[in-house]
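Since the structure comes first, as structure tokens, the remarks are kept for the end.
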């Protein structure tokens, strides 16, 4: 009987704790429940268009499934926009990935990131122009070093200067 009374006392303490109640209510208030099986893509059917849009939290007019060649079922066809292309000052729920809760992600989300190639990011210099400028600069520098190879460089030095020429000023021999 004693363990049962301790257990009842513990449960009554938990239900008096506001943080426990708030976290429990927050966890179980999501509809649909955040289970991975509910989020698995299913075969797309035209009659379930509105249900699929609601499942991925997208307006039915904006929802368009992936082409059937990619065979991901009813997963939405989202644009390739990497985290670096998004607004850096927006208060995201998950600032590391610059995304909000319940926001659908692109099916290739794992290849997009600020530490990887950023799709949709507008670079200051075009990537092709930057690559061409680098190759031209390196070619010019290699050409200059190849043309200057027959003419070695050295540090010019004069002979040591002493106060009087021909006179030994210091030797390491003992005095005799």
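In this note's numbering, the protein residues as written are 1092 to 1267. Beta carbons are placed, not taken as given, at the ideal position from N, Cα and C, and that holds for glycine.
In this structure, DSSP gives residue 1174 a helical state, which the three-state scheme calls helix. In the three-state reduction of the DSSP assignment, residue 1216 falls in the coil class, being assigned neither a helical nor a strand state. Under DSSP, no beta-bridge partner is assigned to residue 1132.
Rounded to whole angstroms, the Cβ separation of residue 1203 and residue 1174 is 7 Å, and the two are in contact under 8 Å.
Shown here, residue 1190 sits in a strand according to DSSP, grouped into three states. In the structure shown, the three-state DSSP call for residue 1149 is coil. Separation of the CB atoms of residue 1149 and residue 1210 is rounded to 19 Å, and the pair is thereby denied contact status at 8 Å.
Taking C-alpha positions only, residue 1254 is separated from residue 1241 by approximately 39 Å. Leaving aside the five residues that flank residue 1168 on each side, the residues in its chain whose CB is nearer than 6 Å to its CB run, in chain order, 1155, 1157. The C-beta distance from residue 1151 to residue 1141 rounds to 5 Å, short enough to fall under 8 Å.
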